[in-house]
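Each residue of the sequence shown is one higher than the one before, counting from 17 in our numbering.
Please read the structure below before turning to the comments.
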Amino acid sequence: MIYRILKIWVKAGYSHYFSNIEVVGLENVDREKPAIFAVNHPSAFIEPTLIATESPFDVHFITRGDVFVKQFRWFFDATNQVPVFRFKDGFSSLRNNKSSFDKCHEKLMSGAKLLIFCEGSMKWVKRLRPVQQGAAKLAMGTLEKDPELPLMIHPVGVNYEDHTKAGTDIMLQIGKAIPMAEYFAKYQKSPREVIKGLTHDLQAALQECIVHIERDEDLLLMDQIWGPLSDVSQVENKKYNGILFSKYKKAANWINGMNLDKKSELKIKAADYSKSLSWFNLSDRQLKALTVFSWWDYLWLLSLGSILKIVFELNKLPYRLADFISEKKTPNVEFYVSVKAVLTALFYTLFILFLLVFWSPFWHVLIFVTLAKIAFYTDDRWNAMIKGLFVNKNKLREAGFRRKDLVQFLKENISDEKA
Numbered sequence: 017m018i019y020r021i022l023k024i025w026v027k028a029g030y031s032h033y034f035s036n037i038e039v040v041g042l043e044n045v046d047r048e049k050p051a052i053f054a055v056n057h058p059s060a061f062i063e064p065t066l067i068a069t070e071s072p073f074d075v076h077f078i079t080r081g082d083v084f085v086k087q088f089r090w091f092f093d094a095t096n097q098v099p100v101f102r103f104k105d106g107f108s109s110l111r112n113n114k115s116s117f118d119k120c121h122e123k124l125m126s127g128a129k130l131l132i133f134c135e136g137s138m139k140w141v142k143r144l145r146p147v148q149q150g151a152a153k154l155a156m157g158t159l160e161k162d163p164e165l166p167l168m169i170h171p172v173g174v175n176y177e178d179h180t181k182a183g184t185d186i187m188l189q190i191g192k193a194i195p196m197a198e199y200f201a202k203y204q205k206s207p208r209e210v211i212k213g214l215t216h217d218l219q220a221a222l223q224e225c226i227v228h229i230e231r232d233e234d235l236l237l238m239d240q241i242w243g244p245l246s247d248v249s250q251v252e253n254k255k256y257n258g259i260l261f262s263k264y265k266k267a268a269n270w271i272n273g274m275n276l277d278k279k280s281e282l283k284i285k286a287a288d289y290s291k292s293l294s295w296f297n298l299s300d301r302q303l304k305a306l307t308v309f310s311w312w313d314y315l316w317l318l319s320l321g322s323i324l325k326i327v328f329e330l331n332k333l334p335y336r337l338a339d340f341i342s343e344k345k346t347p348n349v350e351f352y353v354s355v356k357a358v359l360t361a362l363f364y365t366l367f368i369l370f371l372l373v374f375w376s377p378f379w380h381v382l383i384f385v386t387l388a389k390i391a392f393y394t395d396d397r398w399n400a401m402i403k404g405l406f407v408n409k410n411k412l413r414e415a416g417f418r419r420k421d422l423v424q425f426l427k428e429n430i431s432d433e434k435a
């Protein structure tokens with residue numbers, strides 16, 4: 017009951033927090049067969065909650081054992097979580113892992129979908145880090161108890177535009193099932209080799225589900241071209257599914273394989289454009305909006321747009337409070353976005369309840385929330401217009417030319433052969 021209620025509530029919250037949620041690959045999951053979801057782990061708990069809210073079936077989770085305090089054990093049980101302890105949690109805690117893994121095996125043998133973070137730790141980076149052997153060992157351990165079980169592993173990638181900012185995109189990519197029967201047949205003769213081989217195969221399969229940048233020095237470059245890539249429609253490729261994911265995955269593959277001369281040229285153009293954005297403290301979306309503004313846009317934004325702006329700013333009060341608390345209380349960027357997203361959903365729920373109590377009838381609140389959703393898509397244009405009134409027009413035109421030059425370079429150089 018608690019799981020179902022939270023699923024609806026969190027799904028509504030994420031639809032408010034993220035601009036676009038692209039989910040691809042649910043058709044790859046056989047609802048009748050048990051499966052392990054091997055997932056990357058760039059944030060604290062957005063990945064598991066996103067997968068749970070977007071899946072038409074219940075999902076179970078392997079969770080850090082140190083967060084399982086006795087007072088809230090009932091909550092973890094009600095939300096399908098199983099604790100697993102690490103060496104740094106102490107030897108006495110490690111002894112509890114046997115019962116935890118027994119519980120995982122039982123869930124899988126009963127047909128459950130069980131999520132495991134296969135990188136073994138959490139780090140915010142546009143890259144798949146080395147996959148650990150936990151998923152492979154879990155699969156083989158389950159099959160030792162039930163050799164006939166039709167167990168699958170699904171690689172699952174969660175990709176963010178920028179998880180520290182609301183109003184950005186998030187992409188969930190569920191890969192095709194990897195059947196465990198063939199691995200288990202070999203496992204009985206060569207367990208170590210099979211665990212290593214399965215982990216290697218899972219690494220390769222999961223990397224296909226992730227916008228993966230190989231080198232540290234290219235991470236900034238990918239961030240700099242992320243916005244302009246929205247204008248490069250030809251980047252999409254039939255090899256990958258999902259309009260957003262295919263575009264950014266293709267671009268990441270291209271960057272990973274670029275020759276040094278082309279990459280140097282791209283870095284110069286991307287850095288110049290990024291510098292232009294910093295002149296005016298604009299986002300790529302805002303600059304793009306400014307370059308196509310007409311007087312009709314100004315008239316619309318100053319009339320109906322003004323009303324939408326007021327509604328939007330009132331709706332942002334819960335978000336601003338969540339952002340303030342998250343920034344003060346969270347220890348690192350990986351926890352920051354997860355805490356902020358959940359607090360935003362919580363405070364927005366309380367905000368709506370407040371309106372329902374003190375501002376009836378119901379349809380008033382419904383209109384208010386609907387207008388806020390519309391305003392969400394016009395807020396960038398409004399902010400761009402205000403900033404555009406006070407910027408140097410020559411520099412603004414120069415920034416527009418730099419963006420156009422960067423987009424043209426991307427269009428000319430990203431091809432199917434290079435991905």
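Just so you know, even glycine gets a beta-carbon here, dropped at the ideal spot from N, CA and C.
Predicted model, so just to flag it, every value in this text is computed and none were measured.
| Item | Value |
| --- | --- |
| Beta-carbon spacing of G173, C225 below 8 Å | yes |
| Local conformation of D234 per DSSP, three classes | helix |
| Segments assigned beta strand (DSSP E), at least 3 residues, entirely inside the stretch 197–279 | none |
| Secondary structure of V308, DSSP reduced to three states | coil |
| CB-CB length for P50 against A128, believed under 8 Å | 6 Å |
| Selection from L237, W295, E48 and L306 that minimises the alpha carbon distance to L422 | L237 |
| Three-state class that DSSP yields for N408 in the structure shown | coil |
| Contact under 8 Å by Cβ, M187 with E70 | no |
| Cβ distance (whole Å) where S354 is taken to contact F53 below 8 Å | So it is not a contact: roughly 18 Å between Cβ atoms. |
| CA nearest to the CA of K181, picked from L165, G404, V26 and F340 | F340 |
| Residue range of the beta strand (DSSP E) that includes D185 | D185 to I190 |
| DSSP bridge partner residues for M125 (one or two, in chain order) | Note: M125 sits in no beta bridge, so no partner. |
| V141 to F378 span [Cα, whole Å] | 43 Å |
| Element boundaries [beta strand (DSSP E), containing E135] | Segment: none, E135 is in no beta strand (DSSP E) and carries neither H nor E. |
| Chain-order list of residues whose beta-carbon lies under 7 Å from that of A68 (same chain, five-residue window excluded) | K23 and V75 |
| Beta strand (DSSP E) segment containing A51, residue limits | A51 to V55 |
| Beta-ladder partner(s) of Q97, from DSSP | F77 |
| Distance between G258 and M156 (C-alpha atoms, nearest Å) | 32 Å |
| Close Cβ partners of D178 (< 6 Å) along its chain, the five nearest in sequence each way excluded | T184 |
| Three-pair Cβ contact test at 8 Å for the stretch 28–46 versus the stretch 110–125 | no |
| V353, DSSP secondary structure in three states | helix |
| Simplified DSSP assignment, three categories, for M156 | helix |
| H380, DSSP secondary structure in three states | helix |
| D57, buried or exposed, once every other Cβ within 10 Å from all chains shown has been counted against 16 | For clarity, residue 57 is His in the given sequence; the question names Asp instead. H57 comes out buried. |
| Helix, strand or coil at E164 according to DSSP, with G and I counted as helix | coil |
| Identity of the residues DSSP links to E38 by a beta bridge | M187 |
| Separation of V100 from S116, as counted between CA atoms | 6 Å |
| Assigned exposure category for Q87 - 16 Cβ within 10 Å defines buried | exposed |
| Burial state of W398, where buried means 16 or more other Cβ atoms lie within 10 Å | buried |
| Spatial neighbours of S280 in its chain, beta-carbon cut-off 7 Å, leaving aside the 5 residues before and after | none |
| Q148 vs E135 beta-carbon contact at 8 Å | yes |
| Beta-carbon contacts of T65 that lie in its chain and below 7 Å, excluding the five residues immediately before and after | V26 |
| Coil, strand or helix - N348 by DSSP | coil |
| Closest Cα partner of E329 within the set L387, E350 and V358 | L387 |
| Limits of the unbroken alpha helix (DSSP H) element including L22 | I18 to Y33 |
| Proximity to K403 [Cα-Cα], best of F370, F417 and S299 | S299 |
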